[in-house]
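Working notes for the structure below.
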Amino acid sequence: MVLDIDTWMQAHLEKLKSQFGARLQFVGLQGSYGRGEATENSDIDAVVILDRVEPADLQAYSALLDTLPHREQACGFISGRQELINWERSDLFQFYYDTTPLFGSIDFVLPQITQEDIRRAVRIGACNLYHACGHNIVHEKDVQTLIGLYKTAAFTIQAVNTLQTGTYVRHKAELIPLLAPQEREILQTGVRLKQQPQLAKNEFDRLSALLFTWAARLIAEYKAE
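With my numbering, you'll find the sequence shown wraps up at 372, consecutive numbering, no jumps.
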């Protein structure tokens, strides 16, 4: 059963306020719960930004999470404000748009993200997929790895669509009809694999080849200028 994420996040927020007080800058939610696509196995991808983060703060946050239900599902991101400002901007692009704010704002990072940063996000995503998919075809032949790569490919597709349209579309159901045929097939396949993971075993070679050749095309199309 999918947990009541609103109740959980509110309890999480109140404990954060009590623990960190005015040092708490931002709290948000990412991932499948943030997009309204969660299943009973989904992690809780909470985002916490403090004025700064010391090792003692990490220990305090860990202890705070231990007091909440569903501790085993809690994960996410904790950072100091300045570290976030200085973060690799190709990562910051996805981070910003995939985060639902619940307390405070991270709009201060938005002016830093350029079109070239989004191109770099596509390029890095494609290179990582190409390498991992090729390695899996040759060495691991692992079905779960392939499913994970299709999940990761969705983020690269979002970046491609943002470059092409100027708009970030967060939800897969809204994004699919907007895509070119090859990107649409990749994203639809990822959705099917989440619902029917046995397809990855039955069609391992075809689905691996589809992802590998798509990643290769993106590497060429979005090469560094």
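Beta carbons are placed, not taken as given, at the ideal position from N, Cα and C, and that holds for glycine.
Could you tell me the boundaries of the alpha helix (DSSP H) in which residue 255 lies?
Run containing residue 255: none; DSSP gives neither H nor E here.
Which class does residue 248 belong to by DSSP, given the choice of helix, strand or coil?
strand
Kindly indicate which three-state DSSP category residue 189 falls into: helix, strand or coil?
In the structure shown, residue 189 adopts coil according to DSSP, grouped into three states.
Does the beta-carbon of residue 342 have 16 or more other beta-carbons within 10 angstroms, so that it is buried, or is it exposed?
exposed
When DSSP labels each residue in this structure, what does residue 176 get in the three-state scheme?
The three-state reading of DSSP puts residue 176 in strand, counting E and B together.
Can the beta-carbon of residue 348 be found closer than 8 Å to that of residue 290?
Yes, these two residues count as a Cβ contact at 8 Å.
What separation, rounded to the nearest whole angstrom, lies between the Cα atoms of residue 354 and residue 240?
28 Å
Does the separation of the CB atoms of residue 308 and residue 325 fall below 8 Å?
With a cutoff of 8 Å on beta-carbon distance, residue 308 and residue 325 are scored as near each other.
Pull the bridge partners of residue 222 from the DSSP assignment, please.
192
Taking buried to mean at least 16 other C-beta atoms within 10 Å of its own C-beta, is residue 159 buried or exposed?
buried
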